[in-house]
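For reference, the structure discussed in these notes is given below.
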């Protein structure tokens, strides 16, 4: 399956502007043969803590993803602040929309306390793994990357980890190091999207979006501009890597 990471800037708290900017990029990804398109964390608002930034579950951002998936016949995923029915605070919710109308949600397990997210967003309860085109895909969001245990827990039934982020440039070497570590230690692909540009909170973002092989090789990457990152992934390569180096069997709980 061909994955495309859309490395993009975000217009702060302006959903319609972001939809208008991203729709052509999803179209470009589909034209390049992508079957799965990954957008950034909080792709439609930026990493905003403004009270009231949440939208209803299956609101306008999810509708944008569903519409793009249906129009181009691909999977499209990105995170947005969604308030579940009966809730008050939003989840940081990664919505994965399929071309046939399927929608799955992963809710960020680890709100970024250091940045105030834990005061404005609810924490999710469990990882999510879905199967798409014969690949077992497990998504995570930004700060989740620092917690190896959740990746370990999902590893045996995962071929591809998705990681979408608004990771700051000041800690870019943490981002790139941890992405490769998660691929190597779990012998799985890592498909990672980070935004570029400066957010309304003043933080700069360097991109460094990547696709990494189960052996930790960077198959495709981008630096600091808006661009597409494309790479093909294969479940057979995960199985072959794990058979050749049977490390997971020695993992102890």
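Numbering (this note's numbering), first residue to last: 972 to 1224. Where is the CB? At the ideal position from N, CA and C, for every residue including glycine.
Residue environment, residue 988, which counts as buried when at least 16 other CB atoms sit within 10 Å:
In the chain shown, residue 988 corresponds to position 17, counting from 1. Around the CB of residue 988, fewer than 16 other CB atoms lie within 10 Å, so the residue is classed as exposed.
Could you have a look at residue 1097 and say whether DSSP puts it in helix, strand or coil?
The residue labelled residue 1097 in the question sits at position 126 within the chain shown. Residue state for residue 1097 is assigned as coil, using DSSP reduced to three classes.
For residue 1190 and residue 1160, what's the separation of their Cα atoms in angstroms?
Translated into positions along the chain shown, residue 1190 becomes position 219. Translated into positions along the chain shown, residue 1160 becomes position 189. Going from the Cα of residue 1190 to the Cα of residue 1160 covers about 10 Å.
Hey, out of 1022, 1221, 1068 and 1004, whose CA is closest to residue 1156's CA?
Against the chain shown, residue 1156 aligns to sequence position 185. Ranking the options by Cα distance to residue 1156, first place goes to 1221.
In three-state terms, what does DSSP make of residue 978?
The residue given as residue 978 occupies position 7 in the chain shown. The answer is strand: DSSP assigns residue 978 an E or B state.
I'd like to know if the stretch 1101–1113 and the stretch 1067–1082 are in contact, where contact means that at least 3 CB-CB pairs between them fall below 8 Å.
yes
Outcome for residue 1137 when other beta-carbon atoms lying within 10 angstroms are tallied against a minimum of 16
In the chain shown, counting from the first residue as 1, residue 1137 sits at position 166. By the neighbour-count rule (16 or more Cβ atoms within 10 Å), residue 1137 is buried.
Have a look at 1201, 1034, 1202 and 1082 and flag the residue whose alpha-carbon is nearest the alpha-carbon of residue 994.
On the chain shown, position 23 is the one that residue 994 refers to. Cα-wise, what sits closest to residue 994 is 1034.
Boundaries of the beta strand (DSSP E) in which residue 1192 is found, first to last residue
To locate residue 1192, count along the chain shown from 1; it is residue 221. Segment 1189–1192, the beta strand (DSSP E) holding residue 1192.
Helix, strand or coil at residue 1137 according to DSSP, with G and I counted as helix
On the chain shown, residue 1137 is found 166 positions in, with the first residue counted as 1. Three-state DSSP puts residue 1137 in coil, outside helix and strand.
Neighbourhood of residue 1203 by C-beta, 6 Å cutoff - its chain only, sequence neighbours within 5 removed:
Start at 1 with the first residue of the chain shown, and residue 1203 comes out as number 232. So the qualifying residues of the chain are 973.
Identified DSSP bridge partners for residue 1181
The residue you call residue 1181 lines up with position 210 of the chain shown. Paired residue(s): 1163 and 1192.
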